[in-house]
Amino acid sequence: EPEVTQTPSHQVTQMGQEVILRCVPISNHLYFYWYRQILGQKVEFLVSFYNNEISEKSEIFDDQFSVERPDGSNFTLKIRSTKLEDSAMYFCASSEIRNQPQHFGDGTRLSIL
Amino acid sequence: SQQGEEDPQALSIQEGENATMNCSYKTSINNLQWYRQNSGRGLVHLILIRSNEREKHSGRLRVTLDTSKKSSSLLITASRAADTASYFCATDGSVRGAQKLVFGQGTRLTINP
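In the order they appear, the protein sequences are chains A and B. Whatever position you read off the first sequence (first residue = 1), add 174 for my numbering. Whatever position you read off the second sequence (first residue = 1), add 97 for my numbering.
1. On the DSSP bridge list, what partners appear for B:TYR132?
2. Could you spell out where the beta strand (DSSP E) holding A:VAL217 opens and where it closes?
3. Please identify the residue among B:GLN106, B:CYS120, B:SER109, B:HIS154 whose C-alpha is closest to the C-alpha of B:LYS167.
4. For B:ARG193 and A:GLU230, I'd like the C-alpha separation in whole angstroms.
5. Please confirm if A:TYR264 has its CB atom under 8 Å from at least one CB of chain B.
6. Quick one, which of B:GLU152, B:VAL199, B:THR207 has its alpha-carbon nearest B:SER125's?
7. Have a look at B:GLN99 and B:ILE146 and give me their C-alpha separation to the nearest angstrom.
8. Quick one: does B:ALA195 have its CB under 8 Å from some CB of chain A?
9. Beta carbon of B:ASP189, beta carbon of B:ASN149: below 8 Å?
10. Taking only the alpha-carbon atoms, compute the straight-line gap between A:ILE286 and B:ASP163 and give it to the nearest angstrom.
11. Would you say the segment 198–214 of chain A touches the segment 237–257 of chain A, given that touching needs at least three Cβ pairs under 8 Å?
12. Drop a sphere of 10 angstroms on the beta-carbon of A:GLU175, count the other beta-carbons inside from all chains shown, and report buried for 16 or more, exposed for fewer.
13. Let's test the definition: count the other Cβ atoms within 10 Å of the Cβ of A:ILE271 and tell me whether it reaches 16, buried, or not, exposed.
14. Could you tell me whether the Cβ atoms of B:GLN196 and A:SER269 are closer together than 8 Å?
15. For A:ASP236, does the count of other Cβ atoms within 10 angstroms reach 16, so buried, or fall short, so exposed?
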């Protein structure tokens, strides 16, 4: 069964450094998402992406965050200057069309030192 | 804000028993989805129920939706040790563009052998 893959599984970065989290969504899916889950807290929506542009973003997704679909398969989340509070599990998801299930990857654990 | 909130927060039952988890939300929705998360892993989609549906089944899972009460329930019948996980409801109330799922805090389910 097709699945969403994320790399790396764990990223350790110094505060202030840039980090890029990578995702390969399911190939025939059109909608892409990033969520994060701070340890012990709820899964929070960050951003949705459709037709090569951001569809919606949350208050968390400030100017330090950006997303890109550089080619036909990858979907990336960049954090320009990481803060301690960016430490979390970041999940990528994709869905075929609206009103269909979102399929999640196993996540990237981001640790900011 | 539109939030799915599950109860109970934790549930511990014997293998073979049924487990029922509830979810409440605040605003109108397009659909409600249930996900499972094993410790340290990604979210696995279980069932999507649309706002015009009242009940849905998938194997040992049964989901109900009451839009007048803004609530949903997930029933797992004949539980197994492998069902031990956290279960989340997520609501989609987006009016355009891609979905934006809002997750609850989750129910931690433990199945005792």
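Note that the Cβ used here is the ideal one computed from N, Cα and C, for glycine as well. Note that this is a predicted model, so its numbers are computed, not measured.
Reading from the atomic positions:
1. B:HIS142, B:PHE185
2. 217–224
3. Nearest of B:GLN106, B:CYS120, B:SER109, B:HIS154 to B:LYS167, Cα basis: B:CYS120.
4. 9 Å
5. At least 8 Å separates the CB of A:TYR264 from every CB of chain B.
6. Ranking B:GLU152, B:VAL199, B:THR207 by CA distance to the CA of B:SER125 puts B:VAL199 first.
7. The predicted position of B:GLN99 is uncertain, since its pLDDT is 41 and thus under 50; a value taken from the coordinates is nonetheless stated next. Roughly 17 Å between the two C-alpha positions.
8. yes
9. no
10. Taking C-alpha positions only, A:ILE286 is separated from B:ASP163 by approximately 42 Å.
11. yes
12. exposed
13. By the Cβ-count criterion, A:ILE271 is exposed, with fewer than 16 other Cβ atoms from all chains shown falling within 10 Å of its own Cβ.
14. yes
15. exposed
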